[in-house]
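Offset between the sequence shown (1-based) and my numbering: plus 1088.
Where is the CB? At the ideal position from N, CA and C, for every residue including glycine.
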Amino acid sequence: MSDQPHPWHALSGAEAQQRLATPPGGLGSAEIERRRRQHGPNRLAPPRRRGPLQRLLLQFHNILLYVMMAAALVTALLGHWVDTGVLLTAVVINALIGFIQEGKAENALDAIRAMLSPRATVIRDGRRMEIDAAELVPGDLVLLASGDRVPADLRLLQCKELRVEEAALTGESLPVEKDTAAVAADAPLGDRHGMAYSGTLVVYGQATGVVVATGAATELGRINHLLAGVRALATPLLRQIDRFGRTLAIAILGIGALTFILGTLWRGHAPEEMFMMVVALVASAIPEGLPAIMTVTLALGVQRMARRQAIVRRLPAVETLGSVTVICSDKTGTLTRNEMTVQRVVCAGHVFDVGGVGYAPVGSLSVDGRHVEVGHYPALELAIRSGVLCNDARMRVEDDVWHVEGDPTEGALLVLGNKTALQHDSCAAAWPRLDSIPFESQHRFMATHHRDLQGQDWLLVKGAPERILDMCDRQFGHSSHEQPLDPDYWRRMATDTAAQGLRLLALACKRAAPAGASLHMDDMQGGFTLLALVGIIDPPREEAIAAVAECHRAGIRVKMITGDHAETARAIGAQLAIGVGKPAMTGAELALIDDAALRRVVMEVDVFARASPEHKLRLVRALQDDGQVVAMTGDGVNDAPALKRADVGVAMGNKGTEAAKEAADMVLADDNFASIAHAVREGRAVYDNLKKFILFMLPTNGGEALVVIAAILLQLTLPLTPAQVLWINMVTSATLGLALAFEPAEGDVMARRPRSPSSRLLSGFFIWRVLFVSVLMMLGAFGLFYWELQAGTSVECARTMAVNAVVMAEMFYLLNSRFILAPVASRAGLFGNPYALLAIAACVPLQLAFTYAAPMQAIFGSTGLAGDDWLKVLLAGVLVFGLAELEKWAIRRSPWARHLAED
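#1: Report the three-state DSSP secondary structure of Tyr-1292 (helix, strand or coil).
#2: Gly-1965 and Phe-1860 look like a contact to me (Cβ under 8 Å); what is the Cβ gap, rounded to whole Å?
#3: Checking the sheet assignment: what are the DSSP bridge partners for Ile-1624?
#4: With DSSP as the reference, please indicate the residues paired to Ile-1399 in a beta bridge.
#5: Which of the three DSSP states, helix, strand or coil, is assigned to Pro-1911?
#6: Given a threshold of 16 other Cβ atoms within 10 Å of its Cβ, counted over all protein chains shown, does Ala-1367 qualify as buried or as exposed?
#7: Look at Thr-1888 and Phe-1938 and say whether their C-beta atoms are less than 9 Å apart.
#8: Could I get the ranges of all uninterrupted beta strand (DSSP E) runs contained in the region 1220-1270, with 3 residues as the minimum, in chain order?
#9: When you compare each of Val-1264, Ala-1719, Ser-1411 to Met-1838 by their alpha carbons, which one comes out closest?
#10: Could you name the residues of the same chain whose beta carbon sits closer than 6 Å to that of Tyr-1923, not counting the 5 residues immediately before and after it, in chain order?
#11: Do Val-1725 and Leu-1242 have their beta-carbon atoms positioned less than 9 Å apart in this structure?
#12: Whole angstroms are fine: how far does the CA of Leu-1903 sit from the CA of Arg-1981?
#13: Does Thr-1172 pass the burial test, meaning 16 or more other C-beta atoms within 10 Å, or should it be called exposed?
#14: For the beta strand (DSSP E) containing Leu-1453, list its first residue and its last residue.
#15: Going by DSSP in three states, Lys-1670 sits in which element: helix, strand or coil?
#16: Please state if the CB of Leu-1593 and the CB of Leu-1078 are separated by a distance shorter than 9 Å.
#17: Lys-1779 by DSSP, collapsed to three states: which one?
#18: From the DSSP output, in three-state form, read off Asp-1574 for me.
#19: Which residue or residues does DSSP assign as beta-bridge partners of Arg-1482?
#20: For Ala-1739, which of Glu-1253, Met-1673, Leu-1423 has the nearest alpha-carbon?
#21: Can you tell me the Cα-Cα spacing of Pro-1943 and Gly-1952, whole angstroms?
#22: Please classify Glu-1898 as buried or exposed, where buried requires at least 16 neighbouring CB atoms within 10 angstroms.
#23: Here's a check: name, in chain order, each residue in its chain whose Cβ is nearer than 6 Å to the Cβ of Asp-1836, leaving out the five neighbours to either side.
#24: Can you tell me where the alpha helix (DSSP H) holding Val-1895 begins and where it ends?
#25: Beta strand (DSSP E) containing Ile-1649: first to last residue?
#26: Could you check what DSSP says for Ala-1132 in three-state terms: helix, strand or coil?
#27: Taking 9 Å as the threshold (beta carbon to beta carbon), is Arg-1392 in contact with chain D?
#28: Taking the alpha carbon of Ala-1799 as the reference point, which residue from Leu-1607, Thr-1209, Leu-1548, Thr-1347 has its own alpha carbon closest?
#29: Once you ignore the five residues that flank Thr-1352 on each side, which residues in its own chain have a CB closer than 7 Å to its CB?
#30: For Trp-1096, which residues in the same chain have their Cβ closer than 6 Å to its Cβ, ignoring the five residues on either side in sequence?
#31: Provide the residue(s) that pair with Gln-1563 in DSSP beta bridges, ordered along the chain.
#32: Taking Tyr-1874 as the reference, give the member of Val-1796, Lys-1743, Gln-1106 with the closest Cα.
#33: Rounded to whole angstroms, what's the CA-CA distance from Lys-1976 to Glu-1884? Just pull it up for me.
#34: What are the start and end residues of the beta strand (DSSP E) that includes Glu-1528?
#35: Where do the N-terminal and C-terminal ends of the alpha helix (DSSP H) with Ala-1208 fall, by residue?
#36: In this structure, does DSSP put Arg-1980 in helix, strand or coil?
Listed below in structure tokens is the structure:
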């Protein structure tokens, strides 16, 4: 047996059997054992995984947390236990949130391994036996029957009407008819009809094949290897937060070190006193509330998406959806219904359009937009009757939902009959079946023998148009009279129908009885009358058409990547307004270009057909290399590597494989592309709310930091102690900041273009807004502190007023922050988010407790305030509110500033 890899589909069955040294009676025991040692068991190796402890420890690998832990260590050495406790609590909460959010994409590998068949029927030592599929080795002879899951990659040696469901591997919407013929070495996976691949399902027929690959060497194993090698990318927000955290940490440490040096060397403060000042500065600058608010905001987005049938498996995916610039969608079952539907019936002289989509028997027939009655067109009526009777599928209805049992193409003919009151049961009662010739790939048709109520015998046949044309010499005209066949007309109509992406079937009949006692192939040699050509397609979802249009309005490109044929993909794409006027690109063409050329092509072409798992993965990578944020939808195991690699992987909940669901970030419970558009809207709203929170939070930290710096520069007592700073941060984040997570989506959220993946979290406008409001808060708090000290007020009272001034300013600024540029001095602005008012109401008793409760006074060094003191505190808040609204008014008045703010 040769150890070199072969394109097995390019070899004949006999050549494959010879190269594998497989005798007619199967392998012997000794040879099987030798090959098992050489190739290993027929299973996929489990992945290496990080343990829970390692995953937890890695959550602390964050530069902001390092700064906070270092500050906690030093404060503990100095005996400042309150500061230490608060800092460590913030660190632990952040790490636990990250641990819970840790992705579980490795479960996709388990789901793929579960697709392997547990048992296999083989011929060994001349005997037929059933074995554990894990024991299969290359060269084994395997028997397949309807209902079997293919246990390994097989080169088929014998086939009898074999049809295999390969959608999970190829995306092909219909079962594939198999034969034993060799094909070209570069044939796409979906065109290798002489192969049966591990994990696919036999839906009809029988076959014998020789094992050519097991375990990791199979197509399924290759996808498993692809998936294991795909590195899941961090979301745009997490990348921005990481950059923001590093920049902020460096800035905090730099300012802290500079302050320490200036205080000790220039102002002559004691090192320990200056260190506590620096700790206060660091504590005030670190946004320890950001991880918690991020999680709450994302979690609320998850709940809203769940109500829209979009189940989010990983929290960061919520926000990523809002930044998506390209959606790559599978066709079958995602953009389409995965329900074959007759859309066109071509008779001699008339072309009928069929309304309605899917399996529900709703819709009518029309000619040039005019509704027609089937009874007025004898050829049409007989064609539909023939399609219903020459048929092995069945229909059933459960909970008002129609289902097809059997071949989907035959099911489409039954649905057509139901739409025209020619149901199978009534037709079969009037024209009972007496005999049949089942469909076989060799002769490419199915035939049945019936007798009507008048005793007339009928032979009905359906199959490939070119095969049925060869059997016909007449055609059925409109006047119910037979006419000589016009082959040119039928070939022209077949070409026109196929160009619209429809699959073609021909229907014909013969008024005759079989020559012998039973129906035989000799009865099929000629003399038939052609009735009609039937055009069948898996139609697009109506809601998907609207969703694609909404994505286009939102500046999002939609690309269709499918395993189906190029003509079908192009036709469906045109109906969805995807790739209109552009060529479709096949997987074979894609394989011929390098990565650099693909990066240029991928933004120009919107429909990709006959795509393999590697092709889908390359397309996603090429888009990401071009700077796009990519959402990938799919339902098959062949989609899993691309789903994992994409910025947002979206799997189908009903018809999707477990491998696809486990690799995805989000699952659509209704398999509806339209749910993605709703999810994008929610994702954009989530990002807006995170921006609003950051714009709200950073001025608090900035104002506190400026208060500390001003005190150091002016050689004053510290206006805020480290514990008071952490109190302010926790109160404003836990109550006030949380309200912004509940902000509803703004009206223009889907009218904006997607934000650039390279955009910074803090733009120039954000920096300006943070500095402006920070200075306002510093002026209010430090000015009040300095005023009170000059008036002879105690340090404790002055500090308490400074703390309350900061919190009061935050209360007012919370209302400013509801809209980044729009004014809030209106009913909608002040009262549109009830959670903002509840947050302010919750913050008031906390500050009263801070000011007047004895335990809080002991911990934080606060003291009670008089009535006029509270009036001064209130004025500090009103000052921030008024000037912040004035700043927004000025920006709205300046086109240049407004463009900068909205960019």
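This is what the structure holds:
#1: strand
#2: No, Gly-1965 and Phe-1860 are not in contact; Cβ-Cβ is about 16 Å, not under 8 Å.
#3: Val-1430, Arg-1591
#4: Val-1755
#5: coil
#6: Before going further, note that residue 1367 is Val rather than Ala in the sequence given. Buried is the call here.
#7: yes
#8: 1229-1233, 1241-1253
#9: Ser-1411
#10: Ala-1827, Phe-1830
#11: no
#12: 21 Å
#13: buried
#14: 1453-1455
#15: coil
#16: Since the first residue shown for the chain is 1089 and the last is 1991, residue 1078 is missing from the structure and cannot be characterised.
#17: helix
#18: coil
#19: Glu-1493
#20: Leu-1423
#21: 13 Å
#22: buried
#23: none
#24: 1883-1904
#25: 1645-1649
#26: Checking the sequence, you will find Leu at residue 1132 rather than Ala. In the structure shown, Leu-1132 sits in coil (DSSP, three-state: anything other than H, G, I, E or B).
#27: Among the chains in the structure shown there is no chain D, since it carries only a single protein chain.
#28: Thr-1347
#29: Pro-1359, Met-1362
#30: Ala-1104, Arg-1243, Val-1300
#31: Gln-1571, Leu-1618
#32: Val-1796
#33: 36 Å
#34: 1521-1528
#35: That residue, Ala-1208, is in no alpha helix (DSSP H); its beta strand (DSSP E) goes 1207-1212.
#36: helix
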